[in-house]
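Engineer: Please read through the structure below; I'll follow up with questions.
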Amino acid sequence: MTYTRREILQTLRMTELEHFDIRTVTMGINLLDCGHDDPAEAGRRIYAKLTRLAAALPSTVTQVADDLGIRVANRRIAISPVALVHTRPEPSSYVAMAGQIDRAAGEMGFDFVGGYSALVHAGFTDADRALIASMPETLSSTERLCSSVNAGSSRTGLNMDAVRMVAAMLKETALRTKDRGSIGCAKFVVFANAVEDNPFMAGAFHGTALPEVVIHVGVSGPGVVCQAIRRAGPCDLRELENVIKQTAFKITRVGDLIGRLVADRLGVPFGIVDLSLAPTPELGDSVGEVLEAMGLERTGACGTTAALALLTDAMKKGGAMAASAVGGLSGAFIPVSEDAAMIAAAREGALTLEKMEAMTAVCSVGLDMVAVPGDTSEDVLSGFIADELAIGVINHKTTAVRVIPAHGMKAGQSVSFGGLLGEAPIMEIRNLSCSGFVRRGGQIPAPITSLRN
Amino acid sequence: MDRRALAIAVTDILLRHLPQSATEEAAAAVVADLIPLLESAGEQGQEPEDRRLVIITVMGKNHSGIVHAFSEVLAEYGVDIVDINQTLVHGNFAMMVIVDLAGARTDFQGLKAALKKRGEEVHVQVYCQYEDIMRAVNRI
Chain A
1357 MTYTRREILQ TLRMTELEHF DIRTVTMGIN LLDCGHDDPA EAGRRIYAKL
1407 TRLAAALPST VTQVADDLGI RVANRRIAIS PVALVHTRPE PSSYVAMAGQ
1457 IDRAAGEMGF DFVGGYSALV HAGFTDADRA LIASMPETLS STERLCSSVN
1507 AGSSRTGLNM DAVRMVAAML KETALRTKDR GSIGCAKFVV FANAVEDNPF
1557 MAGAFHGTAL PEVVIHVGVS GPGVVCQAIR RAGPCDLREL ENVIKQTAFK
1607 ITRVGDLIGR LVADRLGVPF GIVDLSLAPT PELGDSVGEV LEAMGLERTG
1657 ACGTTAALAL LTDAMKKGGA MAASAVGGLS GAFIPVSEDA AMIAAAREGA
1707 LTLEKMEAMT AVCSVGLDMV AVPGDTSEDV LSGFIADELA IGVINHKTTA
1757 VRVIPAHGMK AGQSVSFGGL LGEAPIMEIR NLSCSGFVRR GGQIPAPITS
1807 LRN
Chain B
159 MDRRALAIAV TDILLRHLPQ SATEEAAAAV VADLIPLLES AGEQGQEPED
209 RRLVIITVMG KNHSGIVHAF SEVLAEYGVD IVDINQTLVH GNFAMMVIVD
259 LAGARTDFQG LKAALKKRGE EVHVQVYCQY EDIMRAVNRI
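The listed protein sequences correspond, in order, to chains A and B. Following my numbering, the numbering of the first sequence begins with 1357 at its first residue and continues without gaps. Following my numbering, the numbering of the second sequence begins with 159 at its first residue and continues without gaps.
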């Protein structure tokens, strides 16, 4: 059992020079047993459970990462959708719980906890309404809590009342966090076909069918893929796909290894590897750069959707063979503010929201980390979200919108969040009225393709 | 029990169950065939569990004494070298050493710290990784 020089040096190049990291190790925790009529007591139970189960995660991850010489960028927690944790269905109840979750996460050193969520794709419970109503306060008063709403699914159609509620909530959150670039909105995502085992923020939550506690891993690695494509030179597309597949395989194997080791040391089950290409604002760690390495002048050029389709599919093919269980969102993320090449393309006007919408039909999620002018109306935001979610509902894929209507900002300006959330150029949004459509309210019924049994 | 003695013991068992007509020559031939078989089985059997392979990669500007500097650290801690390979990559020194930590007088963290410190002294980069990562990336 030995390795060639080439194998050792190539592996080292991947881990040391090409920004390869495991993006996140996320612990999913069931909180459905923490409910209580008294929200303060529910909060205490949640705090106790989180600190009992997750305290050892950060140090365990650090040790495993150190043993293997791999960087693990983030350690996170995904919790049961908070709207399902029984308590008095009033907004203040959920704000109280949110405070306890935020406190627990802060004390243990986690940067984000996902799951302040409601699943309303076929209608609202009282708890769902109260939770959504509490979001502006929670998103503006907590640091670490990430929130989501699932407003549509291919089996149930699209809840347009939820979409409008989300649009109004975003406007209020943007206002409440206007001093920090409306950052509250960056911690919220609205989904169609949300997945229950997604380890990535802001959309992570611990699905109701999952075990009590579980470890998921989100891999990354646009830098590694980009360098592999550059090394491959002017090969044809079949060969290009092969290069991406092989790289995805290697990246995913590392994620699988880390997940198994962490789960093993903590004595909890290992869930899935999410093999998404997830960019960071750092140069050389960009999905846009991968697309440009494939031969586009700029992300947003004609050919972008085709290149992204090839990339996403090749990632899945290569990664699926490399892990015992692949899940989550798996594909490629295209968050504008978190990707240096996307930021540049949006600034130059090469990348527009309409082109991005087309790209989301073939990427793993959707319109992610896009900032629009602060005076965008609730109705236009509703239409914007509805368009994106309709793509997901009809095409049986996950789509999502994480949009920041940056308060007081105009197209062409830019808003900076710092850290992983990056810097978002404010993009032009079509302001033609869609009020007559979105204000009809109700549910867009399930598509004919939902009748599959 | 050495491998030859083990092979004879195995053959004894076989003989007890073989027809009486089996000759001593036949038994000797069986022993001769069994030895390589047991040897390879022994090697395979040794692999997992007690072995803790670590891959050390040293890279930097080439100058004299680098190999010595690191083999000294490994000897000091009683770390067994399984494989060693040294080359120049674009004029730079690169050395890859696979070691077994089982039986060493230090643990992974201790060895890594000592190697990193020595690396600073002789102005080279040192990377220390459990072998699992190489297997994950390079072997199916």
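Cβ atoms here follow ideal geometry from the backbone N, Cα and C, with glycine treated the same way.
Reducing DSSP to helix, strand and coil, say where Lys-219 (chain B) ends up.
Structural biologist: Position 61 of the second sequence holds residue 219 (chain B). Reduced to three states, the DSSP call for Lys-219 (chain B) is strand.
Engineer: Could you give the C-beta distance for Gly-1764 (chain A) and Lys-1405 (chain A), rounded to a whole number, given that I count them as a contact under 8 Å?
Structural biologist: Walking along the first sequence from the start, residue 1764 (chain A) turns up at place 408. Walking along the first sequence from the start, residue 1405 (chain A) turns up at place 49. Wrong, their Cβ atoms sit about 40 Å apart, outside the cutoff.
Engineer: What does DSSP give as the partner residue(s) for Asp-258 (chain B) in the beta ladder?
Structural biologist: Here residue 258 (chain B) corresponds to residue number 100 of the second sequence, with the count starting at 1. Asp-258 (chain B) pairs with B:Leu-211, B:Asp-238.
Engineer: Please compile the residues from chain A whose C-beta is within a distance smaller than 7 Å of the C-beta of Asn-243 (chain B).
Structural biologist: Sequence index remark: in the second sequence, residue 243 (chain B) carries index 85 (1-based). Residues of chain A passing the Cβ test: Arg-1361.
Engineer: Excluding the 5 residues preceding and the 5 following Gly-203 (chain B) in the sequence, name in chain order all residues of the same chain whose CB lies nearer than 7 Å to its CB.
Structural biologist: For the purposes of this step, residue 203 (chain B) is taken as residue 45 along the second sequence, with counting starting at 1. Its pLDDT being 46, under 50, Gly-203 (chain B) is placed unreliably in this model, and the value from its coordinates should be taken loosely. So no residue of the chain qualifies.
Engineer: Kindly give me the distance between the Cβ atoms of Pro-1492 (chain A) and Thr-1529 (chain A), rounded to whole angstroms, as I take these residues to be in contact under 8 Å.
Structural biologist: Counting from one through the first sequence, the residue named residue 1492 (chain A) turns up at place 136. Counting from one through the first sequence, the residue named residue 1529 (chain A) turns up at place 173. Right, their Cβ atoms sit about 5 Å apart.
Engineer: Within 8 Å, do at least three Cβ pairs link the stretch 1389–1398 of chain A to the stretch 1658–1666 of chain A?
Structural biologist: They do not touch, by the three-pair rule.
Engineer: What's the C-alpha gap between Val-1469 (chain A) and Arg-1594 (chain A)?
Structural biologist: Counting from 1 along the first sequence, the entry for residue 1469 (chain A) is found at position 113. Counting from 1 along the first sequence, the entry for residue 1594 (chain A) is found at position 238. Cα-Cα distance, rounded: 40 Å.
Engineer: Kindly confirm or deny that the stretch 1582–1592 of chain A and the stretch 1548–1564 of chain A touch, where touching means at least three C-beta pairs closer than 8 Å.
Structural biologist: Verdict: no, contact absent.
Engineer: Between the Cα of Arg-1808 (chain A) and the Cα atoms of A:Ala-1524, A:Arg-1511, A:Met-1698, which residue gives the shortest distance?
Structural biologist: Numbered from its first residue, the first sequence carries residue 1808 (chain A) at position 452. It is A:Arg-1511.
Engineer: Roughly how many angstroms separate the alpha carbons of Gly-1768 (chain A) and Glu-1653 (chain A), rounded to a whole number?
Structural biologist: The residue labelled residue 1768 (chain A) in the question sits at position 412 within the first sequence. The residue labelled residue 1653 (chain A) in the question sits at position 297 within the first sequence. Spanning the two alpha carbons is a distance of roughly 21 Å.
Engineer: Taking the DSSP output, what are the residues bridged to Val-1545 (chain A)?
Structural biologist: Here residue 1545 (chain A) is taken as the residue at index 189 of the first sequence, counted from 1. Answer by DSSP bridge pairing, in chain order: A:Ser-1504.
Engineer: My assumption, with CB atoms under 8 Å, is that Val-1569 (chain A) sits in contact with Leu-1409 (chain A). Please give the rounded CB distance.
Structural biologist: Here residue 1569 (chain A) is taken as the residue at index 213 of the first sequence, counted from 1. Here residue 1409 (chain A) is taken as the residue at index 53 of the first sequence, counted from 1. Correct: roughly 6 Å between the Cβ atoms.
Engineer: Closer than 8 Å, CB to CB, is Val-295 (chain B) near chain A or not?
Structural biologist: Within the second sequence, the letter at position 137 stands for residue 295 (chain B). Interface residue, yes.
Engineer: Shorter than 8 Å from the beta carbon of Arg-1795 (chain A) to some beta carbon of chain B?
Structural biologist: As a position in the first sequence, residue 1795 (chain A) is number 439, starting the count at 1. Taking Cβ atoms only, chain B never reaches closer than 8 Å to Arg-1795 (chain A), which makes this a no.
Engineer: For the alpha helix (DSSP H) containing Ser-1497 (chain A), name the first residue and the last one.
Structural biologist: For the purposes of this step, residue 1497 (chain A) is taken as the residue at position 141 of the first sequence. It spans 1482–1497 - the alpha helix (DSSP H) in which Ser-1497 (chain A) sits, taken as one unbroken run.
Engineer: Quick check on Ile-1747 (chain A) - is its C-beta less than 8 Å from some C-beta in chain B?
Structural biologist: For the purposes of this step, residue 1747 (chain A) is identified with residue 391 of the first sequence, where counting begins at 1. By this cut-off, Ile-1747 (chain A) is not an interface position.
Engineer: Identify each residue in the stretch 1598–1609 of chain A for which the Cβ-Cβ distance to at least one residue of chain B is less than 7 Å, and report them in chain order.
Structural biologist: Residues passing the 7 Å Cβ filter: Lys-1606, Arg-1609.
Engineer: For Gly-1778 (chain A) and Ala-1762 (chain A), what's the separation of their Cα atoms in angstroms?
Structural biologist: For the purposes of this step, residue 1778 (chain A) is taken as residue 422 along the first sequence, with counting starting at 1. For the purposes of this step, residue 1762 (chain A) is taken as residue 406 along the first sequence, with counting starting at 1. Taking the straight line from one Cα to the other gives about 14 Å.
Engineer: Let's test the definition: count the other Cβ atoms within 10 Å of the Cβ of Lys-1672 (chain A) and tell me whether it reaches 16, buried, or not, exposed.
Structural biologist: The residue given as residue 1672 (chain A) occupies position 316 in the first sequence. So Lys-1672 (chain A) counts as buried.
Engineer: With 8 Å as the threshold, decide whether the Cβ of Ile-224 (chain B) is near any Cβ in chain A.
Structural biologist: To locate residue 224 (chain B), count along the second sequence from 1; it is residue 66. So, not an interface residue.
Engineer: Return the CA-CA distance between Leu-176 (chain B) and Ala-186 (chain B), expressed in angstroms with no decimal places.
Structural biologist: Taking the first residue of the second sequence as 1, we reach residue 176 (chain B) at position 18. Taking the first residue of the second sequence as 1, we reach residue 186 (chain B) at position 28. When rounded, the distance between both Cα atoms is 14 Å.
Engineer: Relative to the C-alpha of Ile-1690 (chain A), which residue among A:Val-1646, A:Arg-1703, A:Gly-1683 is closest?
Structural biologist: What you label residue 1690 (chain A) is simply residue 334 of the first sequence in a count that begins at 1. Here the closest residue by C-alpha is A:Val-1646.
Engineer: I'd like to know if Leu-1424 (chain A) contacts chain B, where contact means its C-beta is closer than 8 Å to some C-beta of that chain.
Structural biologist: Counted from its first residue, the first sequence places residue 1424 (chain A) at position 68. Yes - at least one Cβ of chain B is within 8 Å of the one on Leu-1424 (chain A).
Engineer: Alpha carbons only, please: which of A:Ala-1507, A:His-1392, A:Leu-1776, A:Thr-1418 is nearest the one belonging to Leu-1745 (chain A)?
Structural biologist: In the first sequence, counting from the first residue as 1, residue 1745 (chain A) sits at position 389. Nearest of A:Ala-1507, A:His-1392, A:Leu-1776, A:Thr-1418 to Leu-1745 (chain A), Cα basis: A:Ala-1507.
Engineer: Answer yes or no: do Phe-266 (chain B) and Asp-1423 (chain A) have a C-beta to C-beta separation smaller than 8 Å?
Structural biologist: Position 108 of the second sequence, counted from the start, is the residue given in the question as residue 266 (chain B). Position 67 of the first sequence, counted from the start, is the residue given in the question as residue 1423 (chain A). Taking 8 Å as the Cβ cut-off, Phe-266 (chain B) and Asp-1423 (chain A) qualify as a contacting pair.
Engineer: For Leu-1622 (chain A), does the three-state DSSP call read helix, strand or coil?
Structural biologist: By 1-based counting over the first sequence, the position of residue 1622 (chain A) is 266. In this structure, Leu-1622 (chain A) counts as helix in the three-state DSSP scheme.
Engineer: Apart from the five residues on each side of it in sequence, which residues of its chain come closer than 8 Å, Cβ to Cβ, to Arg-1532 (chain A)?
Structural biologist: Taking the first residue of the first sequence as position 1, residue 1532 (chain A) is located at position 176. These residues qualify, in order along the chain: Pro-1492, Glu-1493, Leu-1495, Ser-1496, Gly-1540.
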